[in-house]
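Chains as they are written, first to last, in this note's numbering: chain F, 1208 to 1549; chain V, 1208 to 1549. The C-beta atom is built at its ideal place from N, Cα and C for all residues, glycine as well. For reference, the structure discussed in these notes is given below.
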DNA sequence: GCGCCTTACAAAAGCGCTTTGGATACCTTT
DNA sequence: AAAGGTATCCAAAGCGCTTTTGTAAGGCGC
């Protein structure tokens, strides 16, 4: 069923039917009802393609997901983020289109999306430091919002981010209050902006408390269980091992726990652990008392907020860059305790 | 830059430019080159909307991702699957559109996709037993391929699945060969078709070896780390605890290991574990020797294969249902060993 | 009874492509 | 030299919508 058929059946023009369905005032209420009824009866839905062509909008938002060619790694937070954003889109009549892209030819993808006019805007995932995509998108004039920020980029742009620095400040503070002085850090790759900020948070607080940063306690790599395990093993084998570790994701933290227990130690007693927790739906951190003490911020909520922001930017003819800094909550669980006296 | 502008600049008709770019024979090589060059220079890309309208195809594939309203849980394999499928789509000039949907009104989504003509086909994720979506899609005439199968559905349909039954046959066989007789099962929700098949595989092999199924050893629930932990704790507290456990996912298996170690036991010696491993990119199962003995099948490969199948179905005016049953490999790791003599 | 405004609808153009059905020029063939 | 092919190109219609620009009918004041 298309507009033409519907209008023929109703004995009305396409114009009138279109206006009736789109809530324009120059249609009598009687006809509007008649049209609405017929449309419902036939389950009429305007063709997205046609509507898009006619209005000049794509009615779609693009998500460009980088997949590192080297490791074929896809960020596990991505699913939940998308779920959050998707809700907002469909509630506003937008579709979501995904492009999976290896980090080689990202540029082409963004240019292609623009040239083919297949989206009204994009969200930039996993920003790196000095991320070149922001300049690119500004240059080609494709509206966008960044999930995270890009240190070193001076041009203004819209973003939604977690206060990673503050979160790691607070986590380090908690550990220091518990008496820990040897505190390790297991972080994501530090080209990633979030990892950079978390390290800054960690370092700040250590320095502010008169603790010198020790490179042998600072690790950075892909956020896999195995990396959490390996780096913890290495640290625990040191002459002067850490009594606490700060970790950038739950998956890493699982590896950390494995290493601790394999060394015959008990997490929360011999070694304290604080992890960041993205509140992934399939990875709940424990029951009544969380397993891990964690800085927690729902990536799904971030998706929702970011989508709203992007749609607002698109609707607005002269959008101003918007920002939203989400604070993580610090939830105390079973993985932290006072520093053991040596 | 659009077709009209490009053809004007070249002093050619839109027809000729279009045909030149699309490889039609009635264009001289000289003009074709001239056109191609100009198109490249201006980075011309035909508008997807316009092309879709003109051809009557949407040039897009829809993925409808169910998110359980109750638990807001999103299947973690989804990201990798999408990554695999996405490669195939973009190589063939297709876009991928995602709909996140709570399991209440799935029907509306599929009908909507059809009515708005926004996709040429869909992939059905996470099929349940007697899944009603297959009948629905056949009824409304939207091409589709199922990732998995739906026991109890008799109508023919295309699918790509792992041989879950065989995989769990083999896993059980291995454990029995190692001398285990008390073998537990920690499975996904058994409304899910894959979980049903895995249980059948498990049961078959036990029965064939004269081992009676023990309900206290068979668990089924959401595939979270916590569920793996809880169910293992319960089983190990039995008077007659299992010496081995078969598990439906790596995430569950991490919980299983935690429970085993918390009980002061050693995985691979006191309790053997075999898990299914979807080869998720961010969840590699160990290094040289895998941590877990596992039935392994890359969900990313499945995504690739399924996308190819769907595109072929769409291209073919009279498609026959196609099937592909992928065999999982059984990889021996550190989590299995001979049954302890009591 | 005229002009004017309002209400309620319709004709037609246009969005950017593809595709149908010519048209033209140049060769062959007989 | 006329008929028939072949190789290139083009004008225009059409895809399913929205939107601009009418138009006809009725109500109102005077």
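Contacts with chain F at 8 Å (Cβ-Cβ) include residue 1281/V. Annotation note: the region 1248 to 1290 of chain F contains the following uninterrupted alpha helix (DSSP H) runs of length 4 or greater, listed N- to C-terminal: 1255 to 1262.
Scanning its chain for C-beta atoms nearer than 8 Å, with the 5 sequence neighbours on each side dropped, one finds around residue 1296/V the residues 1268, 1302, 1303, 1514, 1518, in chain order.
Less than 8 Å separates the beta-carbon of residue 1478/F from that of residue 1472/F. Considering only beta carbons, the part of the region 1282 to 1305 of chain V lying closer than 8 Å to chain F consists of 1282, 1283, 1285, 1286, 1287, 1289, 1290, 1293, 1294, 1297, 1302, 1303, 1304, 1305, in chain order. Across the set 1308/V, 1293/V, 1294/V, 1292/V, the C-alpha of 1308/V shows the shortest separation from the C-alpha of residue 1298/F.
Residue 1468/V reaches chain F at 1468, counting residues in chain order whose Cβ is nearer than 7 Å. Membership of residue 1381/V in the alpha helix (DSSP H) is indicated by the continuous run 1371 to 1384. Bounds of the alpha helix (DSSP H) holding residue 1403/V are 1400 to 1415.
Using a Cβ-Cβ cut-off of 7 Å, residue 1393/F is close to nothing in chain V; its nearest Cβ partner there is about 15 Å away. Shown here for residue 1355/V: same chain residues with a beta carbon closer than 6 Å to its own, the five before and five after excluded, namely 1334, 1368, 1400, 1401 in chain order. Below 8 Å, enough C-beta pairs join the region 1256 to 1273 of chain F and the region 1315 to 1324 of chain F to call them touching: three or more.
Put simply, the backbone Cα of residue 1239/V is about 38 Å away from that of residue 1352/V. Between the region 1383 to 1402 of chain F and the region 1417 to 1431 of chain F, the count of C-beta pairs closer than 8 Å reaches three or more; the two stretches touch. Listed by position along chain V, the residues whose Cβ is nearer than 8 Å to that of residue 1322/F are 1208, 1250, 1251, 1252. Taken through DSSP and simplified to helix, strand or coil, residue 1462/V comes out as helix. For residue 1503/V, the enclosing beta strand (DSSP E) stretches over residues 1500 to 1503. Neighbourhood of residue 1431/F in chain V, by CB distance below 8 Å: 1489, 1490, 1491, in chain order.
The Cβ-Cβ distance between residue 1251/F and residue 1280/V does not fall below 8 Å. By the Cβ neighbour-count rule, residue 1233/F is exposed, with fewer than 16 other Cβ atoms within 10 Å of its own. Residues of the same chain with a CB within less than 8 Å of the CB of residue 1327/V, apart from the 5 flanking positions on each side, are 1264, 1265, 1266, 1267, 1268, 1301, 1350, 1521 in chain order. Using a CB distance cut-off of 8 Å, residue 1325/V counts as an interface residue toward chain F. Flagged as an interface residue toward chain V: residue 1461/F, by a C-beta distance shorter than 8 Å. Pairing residue 1503/F with residue 1486/F gives a Cβ-Cβ distance under 8 Å.
Taking a Cβ-Cβ threshold of 9 Å, the residues of chain V close to residue 1255/F are 1256, 1259, 1265, 1323, 1324, 1325, in chain order. Per DSSP, residue 1305/V is one residue of the beta strand (DSSP E) stretching across 1302 to 1309. Residue 1499/V has its alpha-carbon roughly 25 Å from the corresponding atom of residue 1289/V. Proximity of chain F to residue 1318/V at the Cβ level (cut-off 7 Å) is accounted for by 1250, in chain order. Collapsing the DSSP output to three states places residue 1242/F in a helix. Going by C-alpha positions, residue 1341/F is about 11 Å away from residue 1329/F. Neighbours of residue 1307/V in chain F, taken as residues whose beta carbon is under 9 Å from its own, are 1289, 1290, 1291, 1292, 1293, 1294, 1296, 1297, 1303 in chain order. Annotation: residue 1268/F has no Cβ neighbours in chain V at a cutoff of 8 Å; minimum Cβ distance is about 10 Å. For residue 1360/V, no beta strand (DSSP E) encloses it, and the DSSP letter there is neither H nor E. For residue 1392/V, there is no enclosing alpha helix (DSSP H); the residue is found in the beta strand (DSSP E) stretching over 1390 to 1394.
According to the DSSP assignment, residue 1445/F belongs to no alpha helix (DSSP H), since it is labelled neither H nor E. Boundaries of the alpha helix (DSSP H) harbouring residue 1322/V: 1313 to 1322, taken from the DSSP string.
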